[in-house]
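Q: One structure, as structure tokens, below. Some questions next.
Number of protein chains: 2
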Amino acid sequence: MTARHQVVVIGGGFAGVEVALGLKDAACDVTLVDRRNFHLFQPLLYQVATGGLSPGDITAPLRTIVRGCKNVRTVLAEVDAIDVAGRRVLLRGAEPLPYDTIAVATGVRHSYFGHDDWERHAPGLKSIEDATEIRARVLAAFEQAERATTAEERAAWLRFVVVGGGPTGVELAGALGELAQHTMRGEFRAFDSRDARVVLIETGPKILSMYVDRLGERAIHDLEALGVAVWRNTNVEGVDDGGVDVVGPHGRERVPCRTVLWAAGTAASPLVKALASSTTAKQDRVGRIVVEPDLTVAGHPEILVLGDACHFAHTRAGQPLPGVATVAMQMGRHAAQLVRLRIESPERVKTAGDGPAFAYLDKGTMAVIGRNKAVARVGFGLDLSFTGFFAWLAWLFVHIAYLVGFENRALVLLQWANHYVTRHRGARLITEARRVGD
Amino acid sequence: MTARHQVVVIGGGFAGVEVALGLKDAACDVTLVDRRNFHLFQPLLYQVATGGLSPGDITAPLRTIVRGCKNVRTVLAEVDAIDVAGRRVLLRGAEPLPYDTIAVATGVRHSYFGHDDWERHAPGLKSIEDATEIRARVLAAFEQAERATTAEERAAWLRFVVVGGGPTGVELAGALGELAQHTMRGEFRAFDSRDARVVLIETGPKILSMYVDRLGERAIHDLEALGVAVWRNTNVEGVDDGGVDVVGPHGRERVPCRTVLWAAGTAASPLVKALASSTTAKQDRVGRIVVEPDLTVAGHPEILVLGDACHFAHTRAGQPLPGVATVAMQMGRHAAQLVRLRIESPERVKTAGDGPAFAYLDKGTMAVIGRNKAVARVGFGLDLSFTGFFAWLAWLFVHIAYLVGFENRALVLLQWANHYVTRHRGARLITEARRVGD
Numbered sequence: 003m004t005a006r007h008q009v010v011v012i013g014g015g016f017a018g019v020e021v022a023l024g025l026k027d028a029a030c031d032v033t034l035v036d037r038r039n040f041h042l043f044q045p046l047l048y049q050v051a052t053g054g055l056s057p058g059d060i061t062a063p064l065r066t067i068v069r070g071c072k073n074v075r076t077v078l079a080e081v082d083a084i085d086v087a088g089r090r091v092l093l094r095g096a097e098p099l100p101y102d103t104i105a106v107a108t109g110v111r112h113s114y115f116g117h118d119d120w121e122r123h124a125p126g127l128k129s130i131e132d133a134t135e136i137r138a139r140v141l142a143a144f145e146q147a148e149r150a151t152t153a154e155e156r157a158a159w160l161r162f163v164v165v166g167g168g169p170t171g172v173e174l175a176g177a178l179g180e181l182a183q184h185t186m187r188g189e190f191r192a193f194d195s196r197d198a199r200v201v202l203i204e205t206g207p208k209i210l211s212m213y214v215d216r217l218g219e220r221a222i223h224d225l226e227a228l229g230v231a232v233w234r235n236t237n238v239e240g241v242d243d244g245g246v247d248v249v250g251p252h253g254r255e256r257v258p259c260r261t262v263l264w265a266a267g268t269a270a271s272p273l274v275k276a277l278a279s280s281t282t283a284k285q286d287r288v289g290r291i292v293v294e295p296d297l298t299v300a301g302h303p304e305i306l307v308l309g310d311a312c313h314f315a316h317t318r319a320g321q322p323l324p325g326v327a328t329v330a331m332q333m334g335r336h337a338a339q340l341v342r343l344r345i346e347s348p349e350r351v352k353t354a355g356d357g358p359a360f361a362y363l364d365k366g367t368m369a370v371i372g373r374n375k376a377v378a379r380v381g382f383g384l385d386l387s388f389t390g391f392f393a394w395l396a397w398l399f400v401h402i403a404y405l406v407g408f409e410n411r412a413l414v415l416l417q418w419a420n421h422y423v424t425r426h427r428g429a430r431l432i433t434e435a436r437r438v439g440d
Numbered sequence: 003m004t005a006r007h008q009v010v011v012i013g014g015g016f017a018g019v020e021v022a023l024g025l026k027d028a029a030c031d032v033t034l035v036d037r038r039n040f041h042l043f044q045p046l047l048y049q050v051a052t053g054g055l056s057p058g059d060i061t062a063p064l065r066t067i068v069r070g071c072k073n074v075r076t077v078l079a080e081v082d083a084i085d086v087a088g089r090r091v092l093l094r095g096a097e098p099l100p101y102d103t104i105a106v107a108t109g110v111r112h113s114y115f116g117h118d119d120w121e122r123h124a125p126g127l128k129s130i131e132d133a134t135e136i137r138a139r140v141l142a143a144f145e146q147a148e149r150a151t152t153a154e155e156r157a158a159w160l161r162f163v164v165v166g167g168g169p170t171g172v173e174l175a176g177a178l179g180e181l182a183q184h185t186m187r188g189e190f191r192a193f194d195s196r197d198a199r200v201v202l203i204e205t206g207p208k209i210l211s212m213y214v215d216r217l218g219e220r221a222i223h224d225l226e227a228l229g230v231a232v233w234r235n236t237n238v239e240g241v242d243d244g245g246v247d248v249v250g251p252h253g254r255e256r257v258p259c260r261t262v263l264w265a266a267g268t269a270a271s272p273l274v275k276a277l278a279s280s281t282t283a284k285q286d287r288v289g290r291i292v293v294e295p296d297l298t299v300a301g302h303p304e305i306l307v308l309g310d311a312c313h314f315a316h317t318r319a320g321q322p323l324p325g326v327a328t329v330a331m332q333m334g335r336h337a338a339q340l341v342r343l344r345i346e347s348p349e350r351v352k353t354a355g356d357g358p359a360f361a362y363l364d365k366g367t368m369a370v371i372g373r374n375k376a377v378a379r380v381g382f383g384l385d386l387s388f389t390g391f392f393a394w395l396a397w398l399f400v401h402i403a404y405l406v407g408f409e410n411r412a413l414v415l416l417q418w419a420n421h422y423v424t425r426h427r428g429a430r431l432i433t434e435a436r437r438v439g440d
């Protein structure tokens with residue numbers, strides 16, 4: 003009896019989970035490695051950051067997801083390195099994992115463009131802890147405003163700056179506007195929550211630049227109705243405890259504020275950077291690995307890079323695919339097919355790039371702004387875009403349909419229905435790091 | 003115009019919230035002080051600790067609760083001291099609050115009977131952070147068992163000790179048994195989750211000692227069906243990283259285990275202790291203030307002590323009232339009535355103890371064990387007790403009826419219905435203290 007083909011999947015995000023599920027009952031043993039014990043539905047993370055949903059609503063235990071795949075095991079561990087020559091994954095505090103095929107789907111992290119000192123003042127939104135940290139900062143800012151003794155101090159606590167006009171920044175700014183204009187109305191005695199101001203800062207001339215111009219313009223209109231000011235063509239030059247320094251169309255300006263949220267830059271993980279240097283794979287500007295058409299790494303048919311960690315430029319326009327959930331999920335399913343092919347017809351995919359090419363089916367993109375506004379673009383080769391309530395409904399159903407686990411899906415839908423009717427946000431907790439003895 | 007009567011309420015738990023709501027539109031200004039921004043429904047905290055509910059499901063923002071009470075303001079602050087002579091509450095980092103009447107409802111914290119070093123190894127369950135910390139420890143123990151390389155190591159990770167056979171300990175042990183026997187079944191590859199063992203340790207001869215014996219016996223039967231061993235007449239003599247030392251009917255024993263949870267002792271907060279020494283009020287064994295029949299402190303008609311912080315012994319049996327939510331809520335409503343009386347007829351309640359006496363209406367007590375088992379005792383002067391599925395249903399409806407906020411109530415009920423049908427637990431996250439840059 004020959005040894006079974008060993009597959010290691012690093013990362014339990016959209017791509018990694020699809021690889022594992024796609025290999026159910028295949029003639030291989032799959033090990034899914036993640037440092038967290040849960041899958042995170044990242045597109046709704048901004049709702050946790052603004053108190054609309056609880057962490058448990060947008061996560062599902064990885065073990066539960068792959069429970070039915072008897073050839074898949076889950077390992078909760080930090081990956082220290084990939085030993086490319088020895089075909090082993092080195093784990094912190096556990097035995098190395100040998101592999102015949104490896105799928106690297108470790109996502110991205112924040113990037114502050116060389117200003118790592120800004121992170122302390124301007125947290126980004128990637129993990130559940132980021133979200134609860136941002137939630138605590140936002141809610142505490144309103145509390146501080148209630149206690150403020152001068153008008154300047156109060157205004158600084160009631161000003162929120164969001165840096166980055168992509169979907170995350172737009173959705174976060176819209177949700178903050180909603181919180182101030184509606185949810186918290188009437189709850190403070192020293193000020194009106196509607197006095198809060200949200201500023202969305204974008205370097206380029208457009209927000210939501212991946213959409214047609216009309217949608218970006220509509221998004222600005224909807225954001226302004228929620229008290230969000232959109233500053234385009236504006237660069238952030240400094241972030242500190244007391245505010246943000248920006249340079250925009252009207253010159254340099256100091257914006258006094260106590261809460262800054264970062265939705266601007268991303269960078270590949272150190273693991274991906276290390277992998278690139280030990281394989282001579284090309285990396286793009288933000289450190290993602292440039293893959294072959296079949297998602298493998300040049301010279302390494304046994305290494306697949308998926309999701310946000312990969313730069314896939316084999317598109318008609320030559321533009322790399324965006325770092326969104328649908329791309330990652332489709333890549334994960336493609337990777338599972340490729341692994342099956344490697345097992346069944348090893349002679350067909352001896353060299354990297356030999357496998358069937360990955361083709362992305364673009365079903366569209368959307369972003370939600372506040373309670374019942376959204377912008378959406380329908381894919382499938384159609385050039386259709388729409389806005390407003392129907393875009394919001396479409397957003398809602400598409401996102402909830404993709405939530406892993408029935409419980410989450412049904413309950414999150416009910417919470418949305420309830421938000422819609424009452425504008426309540428039930429998960430408004432200022433929680434803290436572990437405090438033993440409290 | 004004379005200055006309005008100033009009321010300060012310390013603590014936004016069951017008692018404090020009822021005082022504030024009971025003073026709606028009264029001729030006074032009310033300041034509700036808490037160091038957290040939310041009210042916590044403590045009876046369901048064990049569900050958060052075992053992944054059944056999310057923190058947001060059992061909390062409600064204090065500001066939302068009192069939004070409709072225009073004479074009530076909420077202050078998020080730590081109370082440093084009560085200046086009894088000067089009638090002021092001293093806050094950390096904020097102006098002192100003068101008062102004409104103060105209601106102290108600060109609850110209790112854990113007590114390790116002089117062994118504070120045990121706390122590190124055996125966290126208690128009082129706050130949301132306690133619950134997510136316990137959840138992380140329990141889930142991580144199963145992960146460690148999956149990675150264990152020896153049978154002894156694995157057994158230690160799969161053994162859970164709960165110290166204290168009151169309602170919290172019983173409910174926690176039952177939920178852990180449920181988790182291992184049903185929820186996690188089939189999710190691990192190196193062991194069967196049903197191999198996990200829960201040990202509930204109680205010093206006295208009975209668990210749930212406030213119930214009639216029949217109920218305690220039934221609870222033991224139900225717990226054993228969930229793989230929980232109940233050890234009575236057993237004292238904990240030591241807790242460390244590798245296990246627990248106990249002395250029981252069969253002598254001294256070492257129990258190797260990696261997860262110990264503390265549900266044994268409580269003690270009054272330092273604020274209550276300080277208040278006692280500056281008022282000459284009597285304290286009981288655990289530091290609670292012994293109050294007059296009208297809930298005031300001897301010699302201080304302007305100071306009320308409520309809920310778990312107070313020792314109320316003016317009962318027919320002479321036994322102090324138990325530290326449960328219904329007692330606290332009824333005390334809060336009584337306190338609000340007393341404050342109204344102080345404002346309207348100040349001459350009637352000049353001296354502490356002059357006010358109308360508090361009388362507790364005992365509606366019964368209950369504890370839930372696992373998915374559909376509970377024990378319940380009906381109050382109202384009847385001596386009725388029941389067990390099993392109907393006790394569980396009663397427990398469910400009484401608890402959910404008391405949850406503050408419609409959203410929480412409806413959604414928590416749905417989650418329970420879903421747990422009941424699927425035994426899923428949706429909030430199984432191992433989260434960590436703030437990790438910037440992740």
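From first to last, the protein sequence lines are chains P and R.
Count along the first sequence from 1, add 2, and you get the number used in this note's numbering.
Count along the second sequence from 1, add 2, and you get the number used in this note's numbering.
For every residue, glycine included, the Cβ atom is placed at its ideal position computed from N, Cα and C.
Small disclaimer: the values here were computed from a predicted structure and weren't measured.
If we count the other Cβ atoms within 10 Å of its Cβ and call it buried at 16 or more, is P/Q49 buried or exposed?
A: For the purposes of this step, residue 49 of chain P is taken as the residue at position 47 of the first sequence. It counts as buried.
Q: Which bits of chain P does R/F40 rub up against, with CB to CB less than 8 Å?
A: If you number the second sequence from 1, residue 40 of chain R lands on position 38. Per Cβ cutoff of 8 Å: R430, L431 and I432.
Q: Determine whether the Cβ of R/D59 lies closer than 8 Å to any Cβ atom of chain P.
A: Numbered from its first residue, the second sequence carries residue 59 of chain R at position 57. Yes, contact with chain P.
Q: By Cβ distance below 6 Å, which residues in the same chain neighbour R/R75 in space, the five residues on each side in sequence not counted?
A: Here the question's residue 75 of chain R lines up with position 73 in the second sequence. Answer for R/R75: T33, listed in chain order.
Q: Quick test of your reading: P/G1 and P/A96, contact by CB under 8 Å. State the CB separation rounded to the nearest angstrom.
A: The first residue shown for chain P is 3 and the last is 440, placing residue 1 of chain P beyond what the model contains.
Q: What are the residues in the segment 264-293 of chain R lying within 9 Å of chain P by C-beta distance?
A: Within the segment 264-293 of chain R, no residue has a Cβ that lies closer than 9 Å to any Cβ of chain P.
Q: Which of the three DSSP states is assigned to P/V293 in this structure?
A: Against the first sequence, residue 293 of chain P aligns to sequence position 291. Of the three classes helix, strand and coil, the one that applies to P/V293 here is coil, per DSSP.
Q: Please confirm whether R/P100 has its beta-carbon closer than 8 Å to some beta-carbon of chain P.
A: Locating residue 100 of chain R in the second sequence gives position 98, counting from the first residue. No, because no Cβ of chain P sits closer than 8 Å to the Cβ of R/P100.
Q: DSSP three-state call for P/A429: helix, strand or coil?
A: Within the first sequence, numbered from 1, the residue matching residue 429 of chain P stands at position 427. Three-state DSSP puts P/A429 in coil, outside helix and strand.
Q: What whole-angstrom Cβ distance do R/V10 and R/V91 have, given they're in contact under 8 Å?
A: For the purposes of this step, residue 10 of chain R is taken as residue 8 along the second sequence, with counting starting at 1. For the purposes of this step, residue 91 of chain R is taken as residue 89 along the second sequence, with counting starting at 1. So it is a contact: roughly 5 Å between Cβ atoms.
Q: Please report the residue range of the beta strand (DSSP E) in which R/A270 lies.
A: On the second sequence, residue 270 of chain R is found 268 positions in, with the first residue counted as 1. Element bounds for R/A270: G267 to A270.
Q: On a CA-only basis, which of P/Q339, P/I104 and P/N73 is nearest P/V86? Give me that one, please.
A: Position 84 of the first sequence, counted from the first residue, corresponds to residue 86 of chain P. The option with the nearest alpha carbon to P/V86 is P/I104.
Q: Determine whether the beta carbon atoms of P/F193 and P/R156 lie at a separation below 8 Å.
A: Indexing the first sequence from 1 puts residue 193 of chain P at position 191. Indexing the first sequence from 1 puts residue 156 of chain P at position 154. Their beta carbons are under 8 Å apart, which means P/F193 touches P/R156 by this criterion.
Q: Return the chain-ordered ranges of every alpha helix (DSSP H) run that is complete within the segment 6-30 of chain P and spans a minimum of 4 residues.
A: Segments of the alpha helix (DSSP H) lying fully in the segment 6-30 of chain P: 16-24.
Q: For the beta strand (DSSP E) that contains P/I84, what are its first and last residues?
A: Taking the first residue of the first sequence as position 1, residue 84 of chain P is located at position 82. Here the beta strand (DSSP E) through P/I84 covers V81 to D85.
Q: Quick one: is R/S1 buried, meaning 16 or more other Cβ sit within 10 Å of its Cβ, or exposed?
A: Chain R is shown only over 3 to 440; residue 1 of chain R falls outside these bounds and no answer can be derived.
Q: Is R/S279 helix, strand or coil by DSSP?
A: Numbered from 1 along the second sequence, position 277 holds the residue referred to as residue 279 of chain R. If DSSP states are grouped into helix, strand and coil, R/S279 belongs with the helices.
Q: Could you give the distance in angstroms between the alpha-carbon of R/V241 and the alpha-carbon of P/R196?
A: Looking up residue 241 of chain R in the second sequence gives position 239. Looking up residue 196 of chain P in the first sequence gives position 194. Taking the straight line joining both Cα atoms gives about 52 Å.
Q: Quick check on P/D243: buried or exposed, where buried means 16 or more other Cβ atoms within 10 Å of its Cβ?
A: Mapped onto the first sequence, residue 243 of chain P falls at position 241. Burial call: exposed.
Q: Using the Cα positions of P/S211 and P/P324, report the straight-line distance between them to the nearest angstrom.
A: Looking up residue 211 of chain P in the first sequence gives position 209. Looking up residue 324 of chain P in the first sequence gives position 322. For P/S211 and P/P324, the distance between alpha carbons rounds to 12 Å.
Q: Are there 16 or more other CB atoms within 10 angstroms of the CB of P/N237, so buried, or fewer, so exposed?
A: Along the first sequence, one-based indexing puts residue 237 of chain P at 235. So P/N237 ends up on the exposed side.
Q: By the three-class DSSP mapping on this structure, what secondary structure does R/V351 have?
A: Locating residue 351 of chain R in the second sequence gives position 349, where the first residue counts as 1. If DSSP states are grouped into helix, strand and coil, R/V351 belongs with the helices.
Q: Go through its chain and collect everything with a Cβ distance to P/L273's Cβ below 8 Å, but skip five positions before and after it.
A: Stepping through the first sequence from its first residue, residue 273 of chain P is reached at position 271. For P/L273, where only same-chain residues beyond five positions count, the Cβ hits under 8 Å are I12, V81, A83, I84, V106 and T108.
Q: Would R/N1 and R/A28 qualify as a contact pair, given that the criterion is a beta-carbon distance under 8 Å?
A: Past the edges of chain R, shown from 3 to 440, lies residue 1 of chain R, and the structure says nothing about it.
Q: If I'm right that R/G354 touches R/L25 with Cβ under 8 Å, what's the distance once you round it to whole angstroms?
A: Position 352 of the second sequence, counted from the start, is the residue given in the question as residue 354 of chain R. Position 23 of the second sequence, counted from the start, is the residue given in the question as residue 25 of chain R. According to the sequence provided, residue 354 of chain R is Ala. The question's Gly does not apply to it. So it is not a contact: roughly 20 Å between Cβ atoms.
Q: Determine the extent of the beta strand (DSSP E) in which P/H302 is found, giving its start and end residues.
A: Along the first sequence, read from residue 1 onward, the residue named residue 302 of chain P stands at position 300. H302 to V307 is the extent of the beta strand (DSSP E) around P/H302.
Q: Whole angstroms is fine: what's the gap from P/L225's alpha carbon to P/F115's?
A: As a position in the first sequence, residue 225 of chain P is number 223, starting the count at 1. As a position in the first sequence, residue 115 of chain P is number 113, starting the count at 1. Cα to Cα, the separation comes out at about 27 Å.
Q: Closest by CA to R/V257, which one among R/G166, R/R161, R/R234 and R/A143?
A: Translated into the one-based positions of the second sequence, residue 257 of chain R becomes position 255. Ranking the options by Cα distance to R/V257, first place goes to R/R161.
Q: Which residues of chain P have a Cβ atom closer than 9 Å to the Cβ of R/G166, listed in chain order?
A: What you label residue 166 of chain R is simply residue 164 of the second sequence in a count that begins at 1. Near R/G166 there are no residues of chain P at all, since even the closest Cβ is about 17 Å away, more than 9 Å.
Q: In this structure, what does DSSP give as the bridge partners for R/F388?
A: Within the second sequence, numbered from 1, the residue matching residue 388 of chain R stands at position 386. Paired residue(s): R/A378.
Q: If you run the structure through DSSP and keep just helix, strand and coil, what is P/Q321?
A: The count along the first sequence starts at 1 and reaches residue 321 of chain P at position 319. Residue state, collapsed to three classes: coil.
Q: Beta-carbon of R/L141 versus every beta-carbon of chain P: anything under 8 Å?
A: Indexing the second sequence from 1 puts residue 141 of chain R at position 139. Yes, contact with chain P.
Q: Can you pull the chain P residues whose beta carbon is under 8 Å from the beta carbon of R/S56, in chain order?
A: For the purposes of this step, residue 56 of chain R is taken as the residue at position 54 of the second sequence. By Cβ distance, chain P contributes S56, P57, G58, D59 and A429.
Q: Can you list, in chain order, the residues of its chain with a C-beta nearer than 8 Å to that of P/R436? Leave out the 5 residues immediately preceding and following it.
A: Within the first sequence, numbered from 1, the residue matching residue 436 of chain P stands at position 434. Confidence is the limiting factor: at P/R436 the pLDDT is only 37, short of 50, which leaves the residue's position unreliable and the question unanswerable from this model.
Q: By Cβ distance below 6 Å, which residues in the same chain neighbour P/F408 in space, the five residues on each side in sequence not counted?
A: As a first step, residue 408 of chain P is located in the first sequence; it is residue number 406 there, counting from the start. Low confidence applies to P/F408: its pLDDT is 49, below 50, so where it sits in the model is not reliable enough to give any reading.
Q: Which runs of the beta strand (DSSP E) at least 3 residues long sit entirely within the segment 103-179 of chain R? Give them in chain order.
A: Counting only runs of 3 or more, we get 103-106, 110-113 and 161-165.
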